[in-house]
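Structure record follows, encoded as structure tokens.
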Amino acid sequence: GPGGGAPLENANPLIYRRSGERPVTAREEDDELPDSIDDREIFDILPGGSVPLRSAFLNRAHLIRSINDPEHPLTLEELNVVEQVRVKVNDAESTVAVEFTPTIPHCSMATLIGLSIKVKLIRSLPERFKLDVHITPGTHASEHAVNKQLADKERVAAALENSHLLEVVNQCLSARS
Numbered sequence: 001g002p003g004g005g006a007p008l009e010n011a012n013p014l015i016y017r018r019s020g021e022r023p024v025t026a027r028e029e030d031d032e033l034p035d036s037i038d039d040r041e042i043f044d045i046l047p048g049g050s051v052p053l054r055s056a057f058l059n060r061a062h063l064i065r066s067i068n069d070p071e072h073p074l075t076l077e078e079l080n081v082v083e084q085v086r087v088k089v090n091d092a093e094s095t096v097a098v099e100f101t102p103t104i105p106h107c108s109m110a111t112l113i114g115l116s117i118k119v120k121l122i123r124s125l126p127e128r129f130k131l132d133v134h135i136t137p138g139t140h141a142s143e144h145a146v147n148k149q150l151a152d153k154e155r156v157a158a159a160l161e162n163s164h165l166l167e168v169v170n171q172c173l174s175a176r177s
């Protein structure tokens, strides 16, 4: 992990059951029908998809539920850091809001986790979407400072120019072997 052998902050996190895969409907498979992006799709974006735009951007590699935790060999979903109920999408207004819940109130990885979620969405969604990634209110000691960093486009861009930080984010976003 990023600590280089340092003790884990949360050595025994609670592990939650993954939600099942969503069945694909005939309407979603029909390329002729318009198909908006919804909350579940951001949480668990389907493989393929019905709109050509969707198959280009929103494929199996673009799931926030499958983002790896920086400290544990578990996904953010398995640690209950991300939940579908905390994802809000308004396709018509091109907005996506994701609340995430750090496993402990003093989690030093909170900014990194939020950055990983934001980068996953930036890489996955059409540019028209305005993204809001923030800590679930009342769940972290430094939530306002972390939220301010995550909302600042210049700070996010600067963070992603840091090659070490980008490498850690990419590890969080990579598929587990």
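Under the UniProt record's numbering, the sequence shown is numbered contiguously, ending at residue 177.
Where a beta carbon is used, it is the ideal one built from N, C-alpha and C, also for glycine.
Top-ranked residue by Cα proximity to residue i, from the options
| i | options | result |
| --- | --- | --- |
| Glu99 | Ala92, Phe129 and Leu150 | Leu150 |
| Lys153 | Pro126, Ile122 and Ser94 | Ile122 |
| Arg128 | Glu167, Val96 and Glu78 | Val96 |
| Pro70 | Val89, Thr111 and Glu93 | Thr111 |
| residue 211 | Gly114, Glu78, Pro105 and Lys130 | Residue 211 lies beyond the residue range present for the chain, which begins at 1 and ends at 177; the question has no answer from this structure. |
| residue 261 | Gln84, Val119 and Ala175 | Residue 261 is absent from the structure shown; the chain starts at 1 and stops at 177. |
| Ser94 | Leu125, Ala157 and Leu166 | Leu125 |
| Ala175 | Thr75, His106 and Val146 | Thr75 |
| Cys107 | Ser66, Val146, Glu78 and Glu77 | Val146 |
| Ser142 | Ile67, Gly114 and Arg155 | Gly114 |
| Val82 | Ala92, Met109, Pro105 and Ile117 | Ile117 |
| Gln171 | Asn10, Glu9, Val85 and Ile67 | Ile67 |
| Asn10 | Ala92, Gln84 and Met109 | Met109 |
| Pro105 | Gln84, Val169, Ala92 and His144 | His144 |
Burial state of residue i, where buried means 16 or more other Cβ atoms lie within 10 Å
| i | result |
| --- | --- |
| Ile15 | exposed |
| His140 | buried |
| Glu161 | exposed |
| Asn12 | exposed |
| Ser163 | exposed |
| Glu77 | buried |
| Leu58 | Confidence is the limiting factor: at Leu58 the pLDDT is only 42, short of 50, which leaves the residue's position unreliable and the question unanswerable from this model. |
| Ile45 | Caution applies to Ile45, whose pLDDT of 47 falls short of 50 and renders its modelled position unreliable; the value that the coordinates give is listed next. Classification of Ile45: buried, given that the 10 Å Cβ count is 16 or more. |
| His72 | buried |
| Val87 | buried |
Residue i, DSSP secondary structure in three states
| i | result |
| --- | --- |
| Glu92 | Inspection of the sequence shows that residue 92 is occupied by Ala rather than by Glu. Correct three-state label for Ala92: coil. |
| Asn170 | helix |
| Gly49 | Below a pLDDT of 50, predicted positions are generally treated as unreliable, and Gly49, at 34, falls in that range; the measurement from the model is reported next regardless. Gly49 falls in the coil class under three-state DSSP. |
| Asn162 | coil |
| Asn147 | helix |
| Val82 | coil |
Residues that DSSP places opposite residue i in a beta bridge
| i | result |
| --- | --- |
| Lys130 | Thr95 |
| Ile135 | Phe100 |
| Val156 | Answer is none; Val156 lacks a bridge partner. |
| Val119 | None; Val119 has no bridge partner. |
| Thr75 | Asn68 |
**Report entry** Segment contact, 8 Å Cβ cut-off, at least three pairs: the segment 125-138 with the segment 90-105
**Finding:** yes
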